[in-house]
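Numbering (the numbering used here), first residue to last: 16 to 521.
Glycine residues also receive a C-beta, built at the ideal position from the N, C-alpha and C atoms.
See structure below.
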Amino acid sequence: MPARRQVDSLSTELSASEPFEITGDIQRPDKPEEACGVFGVYAPDENVAKLAYFGLFALQHRGQESAGIATFEADEVHLHKDMGLVTQVFNESILLELPGCLAVGHTRYSTTGSSRVVNAQPAVVPARLGKLALAHNGNLVNTISLREELLRSHCNLLTTTDSELIAFAIAQEVNQGKDWLEGAISALHRCEGAFSLVIGTPVGLMGVRDPNGIRPLVIGVLPKTPLTPVPRYVLASETCALDIIGADYLRDVEPGELVWITNEGLASFHWTNRSERKLCIFELIYFARPDSVMLESESLYSYRRRLGEQLAVEAPVIADLILGVPDSGIPAAIGYAHASGIPYAEGLIKNRYVGRTFIQPTQSMRESGIRMKLNPLKDVLVGKRVVIVDDSIVRGTTSYKIVKALRDAGATEVHMRISSPPVTHPCFYGIDTDNQDQLVAATMSVAEIRDQIGVDTLAYLSWKGMLNATQEDPLSFCSACFTGDYPIPVPERVKRSKLILEKAVL
Ligand code: SF4
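So this is what it looks like as structure tokens:
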């Protein structure tokens, strides 16, 4: 079952990438939070630990609580994982302790299981044919039943994560006599929900996506050299992790596909015949990096810019300047400015180094709130009617502070435009979007939110506009947090934990 972040010393860290709310002793980002980034590489002649390190470094935005790398050197597995950012968890000497020809890496933000090092990944589990190391992005919806099933079989579960359950299910199948491939496929049929997996074994690397491909997973190839005529493959949550190590994007792992990478190359298996793509639309709008490619050959920057253009058509306003909320609102703000003909300006400067601290701010700093992270440019804003564009509103607390800061800096009108529809439902597939009663759009109308955050006007992009801007089949996306139409059935007892009963104002 998805669990809220535990409030302990580690979870008081600030998000490295987004604005935050300061309330009491915790500082919690006012945005949905991505669950994890996964990475795998099979390259016998390379320093795979270093490649994994840089891959995880590029995927840091997907999870900032813990990081881990497991490498395989014949039958031996070397593992290092800890709480913290990738740069805090690893250094040169630790990476030297991780030799091998294959690596699996993970950055984590907990959606199932608490924020403790034991729950950090990769999960390494012993089996009849050796150890396996598994990195998971997503969330199972049948965690409770799978856990009960494994406990009945006397599995010695060590953690509270759903990811470890998948690893134990594979080990259990292998222990019954199957090989790695057969064992993984049997175990995958016991899993329901969202899972993009990278799995290391002593003989090869696997990449797997659930039948709906909710979370992304891509395949890359390292360039050939005279000494390496055999292709060396990389798996990663996003293409930005390929770019950083000089790997070329080959293709996505397809929904319901398992790729098996060994010294014989890459083999593909469709492990289920019920695959139907339902890629998380929020990956496109906000989670993934704007320089990642997710729709054919297009960067997400281009998609987000198109969202802004569509928003300008749907919700025009007379104003002097268009601003974006750094960083995630900027591509849509540029698109809005382009389509409206109103100049784009930088009116909020982000302090990129305030991101993570264990030190609580003073009371007077708390009262100044948002300015710790975003500082308005008074000379740009004074006397201006501004449109501030953001990608989403979750609880609305940060939006209120941004609007107040813009008015205090001298803006005469503040209009807010959101490049996605109102978030009315929680996610059960690996994103922490709060319980439904904490989502401002689940309990308030747009007019009420407008008054709450103190803007002159507020408008969201339509659901149709958001999907049309993908220029792909709208049915190939999950957009359940905007509609409540969940593509993978969620068991009632799991649903009840996050949903309020039809109080939502849609
Ligand atoms: S419910 Fe929302 S955040 Fe979750 S997978 Fe679907 S679109 Fe993505």
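Distance, residue j Cα to residue i Cα
i           : j           : result
residue 101 : residue 191 : 37 angstroms
residue 275 : residue 201 : 15 angstroms
residue 107 : residue 301 : 32 angstroms
residue 456 : residue 332 : 22 angstroms
residue 42  : residue 461 : Because the pLDDT of residue 42 is 42, which lies under 50, any placement of that residue in the model is unreliable, and the question is left without a value.
residue 115 : residue 58  : 9 angstroms
residue 514 : residue 440 : 7 angstroms
residue 480 : residue 486 : 10 angstroms
residue 9   : residue 349 : With the chain represented from 16 up to 521, any question about residue 9 goes unanswered, as that position is not in the structure.
residue 251 : residue 232 : 6 angstroms
residue 131 : residue 98  : 7 angstroms
residue 312 : residue 164 : 42 angstroms
residue 203 : residue 139 : 17 angstroms
residue 523 : residue 320 : Nothing can be reported for residue 523: it is not among the residues displayed for the chain, which extend from 16 to 521.
residue 498 : residue 434 : 16 angstroms
residue 179 : residue 421 : 46 angstroms
residue 239 : residue 262 : 10 angstroms
residue 157 : residue 206 : 7 angstroms
residue 414 : residue 463 : 14 angstroms
residue 401 : residue 104 : 42 angstroms
residue 151 : residue 394 : 47 angstroms
residue 211 : residue 185 : 15 angstroms
Outcome for residue i when other beta-carbon atoms lying within 10 angstroms are tallied against a minimum of 16
i           : result
residue 324 : buried
residue 526 : Absent from the model: residue 526. The displayed extent of the chain is 16 to 521, so no value can be given.
residue 405 : buried
residue 328 : exposed
residue 142 : buried
residue 267 : buried
residue 36  : Because residue 36 sits at a pLDDT of 35, beneath the cut-off of 50, its placement in the model cannot be relied upon, and the following sentence gives the value as read from the coordinates. Looking at its Cβ environment, which holds 16 or more other Cβ atoms inside 10 Å, residue 36 is buried.
residue 424 : buried
residue 137 : buried
residue 188 : buried
residue 173 : exposed
Same chain, Cβ closer than 6 angstroms to residue i, neighbours up to 5 away in sequence not counted
i           : result
residue 418 : 429, 468, 469 and 470
residue 170 : 183
residue 392 : 362
residue 494 : 296
residue 496 : 438, 440, 442 and 448
residue 243 : 60
residue 399 : 335, 336 and 426
residue 220 : 55, 57, 117 and 276
residue 342 : none
residue 40  : With a pLDDT of only 31 at residue 40, under 50, the local geometry of the prediction cannot be trusted, and no value is derived from it.
residue 339 : 345, 348 and 404
residue 501 : 495
Residue span of the beta strand (DSSP E) that contains residue i, given as start and end
i           : result
residue 96  : 91-98
residue 221 : 220-224
residue 108 : Element bounds for residue 108: not the beta strand (DSSP E) but the alpha helix (DSSP H), 107-111.
residue 401 : 400-405
residue 201 : Where residue 201 is concerned, there is no enclosing beta strand (DSSP E), although the alpha helix (DSSP H) it sits in stretches over 195-203.
residue 210 : 208-215
residue 120 : 117-123
residue 329 : Looking at the DSSP string, residue 329 is not in any beta strand (DSSP E); the run it does join, the alpha helix (DSSP H), is 315-329.
Own chain, CB closer than 7 angstroms to residue i, minus 5 neighbours either side, in chain order
i           : result
residue 256 : 54, 70, 73 and 74
residue 113 : 64, 84, 86, 93 and 95
residue 78  : 49, 50, 51, 52, 122, 123 and 124
residue 264 : 233, 235, 254, 257 and 308
residue 110 : 64, 65 and 68
beta-carbon residue i near the ligand SF4 non-hydrogen atom, thresh 6 angstroms
i           : result
residue 124 : no
residue 255 : no
residue 495 : yes
residue 296 : yes
residue 116 : no
residue 442 : yes
residue 446 : yes
residue 229 : yes
Element boundaries [alpha helix (DSSP H), containing residue i]
i           : result
residue 86  : Note, residue 86: premise wrong, no alpha helix (DSSP H); beta strand (DSSP E) at 81-88.
residue 181 : 177-190
residue 423 : 412-423
residue 283 : Note, residue 283: premise wrong, no alpha helix (DSSP H); beta strand (DSSP E) at 280-285.
residue 164 : 158-167
residue 466 : 461-468
residue 497 : 495-498
Neighbourhood of residue i by C-beta, 8 angstroms cutoff - its chain only, sequence neighbours within 5 removed
i           : result
residue 226 : 270, 271, 287, 289, 290 and 291
residue 253 : 52, 73, 74, 77, 231, 233, 303, 304, 307 and 309
residue 281 : 234, 246, 248, 274 and 275
residue 62  : 110
Residue i: CB within 6 angstroms of a non-hydrogen atom of the ligand SAH
i           : result
residue 344 : Of the ligands this structure carries, namely the ligand SF4, none is the ligand SAH.
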